[in-house]
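Last residue of the sequence shown? That's 233 in this note's numbering, and every number before it is there in order.
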Amino acid sequence: MEWFNLTPDEWLAVRLSLKVATVAMLTSLPLAIAIALLLSRGRFWGRMLLSCLVHLPLVLPPVVTGFALLLLFGKQGALGHFFETYLGIVFSFRWTGAALASAIMGFPLMVRAIRLSIDATDKKIEQAAKTLGANPIWVFITITLPLIMPGILAGMVLSFAKAMGEFGATITFVSNIPGETQTLPSAIYSYTQVPGGDFNALRLTLISVIISMLALLLSELLAWWMKHRGSLV
Numbered sequence: 001m002e003w004f005n006l007t008p009d010e011w012l013a014v015r016l017s018l019k020v021a022t023v024a025m026l027t028s029l030p031l032a033i034a035i036a037l038l039l040s041r042g043r044f045w046g047r048m049l050l051s052c053l054v055h056l057p058l059v060l061p062p063v064v065t066g067f068a069l070l071l072l073f074g075k076q077g078a079l080g081h082f083f084e085t086y087l088g089i090v091f092s093f094r095w096t097g098a099a100l101a102s103a104i105m106g107f108p109l110m111v112r113a114i115r116l117s118i119d120a121t122d123k124k125i126e127q128a129a130k131t132l133g134a135n136p137i138w139v140f141i142t143i144t145l146p147l148i149m150p151g152i153l154a155g156m157v158l159s160f161a162k163a164m165g166e167f168g169a170t171i172t173f174v175s176n177i178p179g180e181t182q183t184l185p186s187a188i189y190s191y192t193q194v195p196g197g198d199f200n201a202l203r204l205t206l207i208s209v210i211i212s213m214l215a216l217l218l219s220e221l222l223a224w225w226m227k228h229r230g231s232l233v
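Structure (structure tokens):
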């Protein structure tokens with residue numbers, strides 16, 4: 001089919017988008033769970049400020065976020081210089097930078113979904129386990145984590161979908177380099193800038209929609225499986 005007869009560069013953009021979105025989602029997940037727990041259960045000065053900082057990428061223009069990343073994680077930035085010198089990781093104009101930008105843009109959505117799930121859990125179950133002598137870490141692993149798993153799955157899907165569609169922060173931070181940082185949104189944008197590129201842009205748009213729908217469907221199936229499994233226990 002002509003619709004899916006992609007060029008090598010287009011397939012590369014698809015694979016890179018999947019890679020960037022997956023890495024962004026998985027690397028931000030542990031921190032998102034920790035921050036969500038802190039915001040939901042923590043009682044400390046500055047909790048509201050932390051919540052504002054976490055959700056700041058949602059209200060800032062993506063270009064501003066991308067420029068801030070360029071200042072911080074560029075080769076001349078303090079964090080960028082540290083990562084390159086001591087860890088050998090380069091973010092600017094690399095796919096790793098695209099993953100970082102996507103992770104930051106999707107992080108608030110992941111944290112919010114997990115936090116809402118934590119808020120909805122019954123604390124009495126956890127308290128009962130603690131009164132029986134269970135270690136807090138063991139309580140979290142065996143009780144809290146399974147209870148908030150639907151929220152975690154929802155957050156993962158939201159983060160993945162956001163990363164798949166991220167454009168403004170990514171193109172500002174790592175530019176639009178074919179084979180290195182050109183994700184699906186960047187490739188679609190490139191096609192819209194050239195005469196006769198509308199068909200290719202529409203084709204890549206359709207592929208983006210299909211991938212996002214598959215991610216949502218997988219999330220629904222996993223949520224149904226967990227609910228069905230829980231009813232059998």
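C-beta atoms are modelled at their ideal positions from N, C-alpha and C, and glycine is treated no differently.
Residue state for residue 90 is assigned as coil, using DSSP reduced to three classes.
Residue 175 carries a coil assignment under DSSP once its states are collapsed to helix, strand and coil.
With the rule of 3 Cβ pairs closer than 8 Å, the region 160 to 179 counts as touching the region 15 to 23. DSSP places residue 166 in no alpha helix (DSSP H); its state is neither H nor E. For residue 49, the enclosing alpha helix (DSSP H) starts and ends at 47 to 59. Between the alpha carbons of residue 206 and residue 166 lies a distance of about 16 Å. In its chain, beyond the 5 residues on either side, 79, 80, 83, 91, 92, 97, 100, 173 have a beta carbon closer than 8 Å to the beta carbon of residue 73. Residue 204 and residue 43 have their C-alpha atoms some 46 Å from each other. Sorting 9, 183, 193 by C-alpha distance to the C-alpha of residue 163 places 183 at the top. The DSSP-derived three-state label of residue 119 is helix. Relative to the Cα of residue 154, the nearest Cα in the group 127, 5, 224, 77 belongs to 224. Below 8 Å, too few C-beta pairs join the region 177 to 194 and the region 117 to 126 to call them touching: fewer than three. Shown here for residue 41: same chain residues with a beta carbon closer than 8 Å to its own, the five before and five after excluded, namely 118 in chain order. For residue 82, the enclosing alpha helix (DSSP H) begins and ends at 78 to 82.
Taking the Cβ atoms as the reference, residue 51 lies roughly 6 Å from residue 39, within the contact range of under 8 Å. Across the set 140, 26, 57, the C-alpha of 140 shows the shortest separation from the C-alpha of residue 127. A Cβ-Cβ distance of about 11 Å is found for the pair residue 158 and residue 105, leaving them out of contact under the 8 Å criterion.
As the crow flies, the alpha-carbon of residue 66 is around 27 Å from that of residue 216.
Membership of residue 65 in the alpha helix (DSSP H) is indicated by the continuous run 62 to 73. Taking the CA atoms as reference points, residue 77 sits about 37 Å from residue 200. Residue 195 has its alpha-carbon roughly 20 Å from the corresponding atom of residue 177.
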